[in-house]
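Engineer: Please find one structure pasted underneath; my questions will follow.
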Amino acid sequence: MKISRLLSGSLLAAAMATAAAGAHAQATIKIDGSSTVFPITEAVAEEFQKAKKNQVRVTVGISGTGGGFKKFCRGEIDISDASRPIVKKEMEACAAAGIKYVELPVAFDALTVVVHPSNTWAANLKPEQLKVMWEAGAQGKITNWKQVDPSFPDLALKLYGPGADSGTFEYFTEAINGKAKSSRGDYTASEDDNVLVQGVSRDKGGLGYFGFAYYIENAGKLKAASVWNGSKFVAPSAAVVEDGSYQPLARPIFIYVNAKSLEKPEVKEFIEFYMKHGAALTKEVKYVPLPASIYEANLANVNKMKLGTVFGGVPEVGVKIDELVKRETKH
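Just so we're on the same page, my numbering is the position in the sequence shown counted from 1, plus 15.
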């Protein structure tokens, strides 16, 4: 299922829903947040709406993980897509508003560093080199590839990345720069990963980063860099996410469900549908499905209303699939 098709499918579904609203009232499920998680949730939403014969309308927005949590903690949406776990300030905002939630991991992502197809010098990159490019102190100073490594060409370095409301931005800056949200600001930023794809694909000196699905969707016009994991260079793929060797850029991605929203039959039914079909649709949109035990644990956690997060509210780097299984299936 193409991401571009998913986007157009979302608009079509919204138009159909608007037209149908005049004939009979529709139950609506509101979702917003991460652009990384969007392809999975949108694929699930499309299939769910088909299964329900469009009796339920599902809207899926993209405002970034941080933007989604702001809406979620104000009670404006039922489900928040998140490419990182909820953090303390968001937990506090939700608590202040009386919003309780169930945390559901839905897939793993290989956060992918991409360059222009003609780039022959940066096929392998070390986290230290990425830090030279992206750290806050590089702003206005590191503007040429040769400054990153003397063996690189004398060519203007043009950076493309997610905006500050993005969970991908937070994860990458934590993993590479050592502190979430610590980054240079003089780069082309967008919450829409398709904008970043277009930027790097048109700029010989371009480098960017975003979720693996967006790279796979555009592999014909981008090149993925292999990243040093401490012992070898590893190119992003489902296999290296599963075996734990794609570090430090492999990460779990999530949905968060408002506990009050789960009282609505259509939301509960949507979550059950997501956990039943999510693995297949995750694979279809080129992310890495989780073990069946996680989806089963998710359903159990929904049924018994296991509230809160198994993460500590602080950014974490390097959580592998087996570790996530232990956390999520522990009772």
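Ideal placement from N, C-alpha and C gives every residue a C-beta, glycine not left out.
Since this is a predicted model, take the numbers as computed values, not measurements.
Less than 9 Å separating the beta-carbons of residue 130 and residue 137?
Structural biologist: Contact: yes.
Engineer: Is it buried or exposed for residue 143, if we count other Cβ within 10 angstroms and need 16 for buried?
Structural biologist: Result: exposed.
Engineer: Taking the straight line between their C-alpha atoms, what separation do you get for residue 72 and residue 45?
Structural biologist: C-alpha separation (whole angstroms): 9 Å.
Engineer: Start and end of the beta strand (DSSP E) containing residue 243?
Structural biologist: First-last of the beta strand (DSSP E) with residue 243: 241-243.
Engineer: Measure from the alpha carbon of residue 298 to the alpha carbon of each residue in 221, 231, 339 and 114, then state which is nearest.
Structural biologist: The shortest C-alpha separation from residue 298 is found at 231.
Engineer: List the DSSP bridge partners of residue 95.
Structural biologist: According to DSSP, residue 95 bridges with 47 and 271.
Engineer: Thinking residue 180 and residue 81 are a contact (beta carbons under 8 Å), I'd like their distance in whole angstroms, please.
Structural biologist: Right, the Cβ-Cβ distance comes to about 4 Å (below 8 Å), so this counts as a contact.
Engineer: Measure the beta-carbon distance from residue 140 to residue 240 and round it to whole angstroms, keeping in mind my assumption that it falls under 8 Å.
Structural biologist: About 5 Å separates the two Cβ atoms, so the contact holds.
Engineer: When you compare only the Cα positions, how much space is there between residue 275 and residue 282?
Structural biologist: Going by the C-alpha atoms only, they are around 10 Å apart.
Engineer: Assuming residue 312 contacts residue 287 (C-beta within less than 8 Å), just tell me the rounded distance between them.
Structural biologist: In fact, because the Cβ distance is near 14 Å, the residues do not count as touching under 8 Å.
Engineer: Which class does residue 35 belong to by DSSP, given the choice of helix, strand or coil?
Structural biologist: Confidence in residue 35 is poor, its pLDDT being 46 and thus under 50, which makes the residue's placement too unreliable to answer from.
Engineer: Got a sec, what are the start and stop residues for the beta strand (DSSP E) residue 72 sits in?
Structural biologist: Start and end: 71-75.
Engineer: Given this structure, state the Cα-to-Cα distance separating residue 36 from residue 68, to the nearest angstrom.
Structural biologist: At residue 36 the pLDDT is 45, less than 50, meaning the model places this residue with poor confidence and gives no usable figure here.
Engineer: Within a Cβ cutoff of 7 Å, which residues of the same chain sit near residue 88, ignoring the five residues on either side of it in sequence?
Structural biologist: Answer for residue 88: 105, 108, 109, 112 and 114, listed in chain order.
Engineer: Rounding to the nearest angstrom, what Cα-Cα distance links residue 294 and residue 121 in this structure?
Structural biologist: Between residue 294 and residue 121, the C-alpha separation is close to 8 Å.
Engineer: Rounding to the nearest angstrom, what Cα-Cα distance links residue 217 and residue 193 in this structure?
Structural biologist: Going by the C-alpha atoms only, they are around 30 Å apart.
Engineer: So which of 164, 159, 178 and 177 has the shortest CA-CA distance to residue 171?
Structural biologist: When each option's Cα is compared against that of residue 171, the closest is 159.
Engineer: Taking all protein chains shown into account, do 16 or more other C-beta atoms lie within 10 angstroms of the C-beta of residue 49, making it buried, or fewer, making it exposed?
Structural biologist: By the 10 Å Cβ count, residue 49 comes out buried.
Engineer: Please return the same chain residues whose Cβ sits closer than 6 Å to the Cβ of residue 208, not counting the five positions on each side in sequence.
Structural biologist: Taken in chain order, the residues that qualify are 50, 225 and 229.
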